[in-house]
Amino acid sequence: MSSSSESYNTLAIYRIEISNDSCNFFQWLDPALPKHYKDTLWNMKLRIDDLLVRNGQVVELQKKVEKHKLLRKAEKVLAEARIQELLIKIERLKKMLKKVVLISLVCFLFVVMYFKL
């Protein structure tokens, strides 16, 4: 009889109920359950709760990391586009500078020719 009274049905001692939104842990302890069993079950419950909290924190951190990666990628794409725009402007300015230099040389030649005559 002592062996049967010391063996407990795990489901009768501790029941885990899982809902769609979150995990809810309910303790159904037999009043005759020895204290060290109650303490062990309570510690297990605390550890499970702690792991759920940490898991939630990890998930949040992973979301932040992914968001940061996406932002960095978007910033990189925008920076590359801006660099391309600036390179195009530089090329236009070079062409304009060549035209200005050419026009200046032509004007200079006309002035020199005018004063020589």
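Remember, this note's numbering sits 10 above the position in the sequence shown when you count from 1. The beta carbon of each residue, even a glycine, is placed where N, CA and C say it ideally should be.
Establish whether the CB of Phe118 and some CB of chain D are separated by less than 9 Å. As a matter of chain content, chain D is missing from the structure shown, which is built from one protein chain.
Look at the alpha carbon of Lys108 and the alpha carbon of Phe118, and state the distance between them as a whole number of angstroms. 15 Å
Tell me the rounded alpha-carbon separation between Trp52 and Asn65. 20 Å
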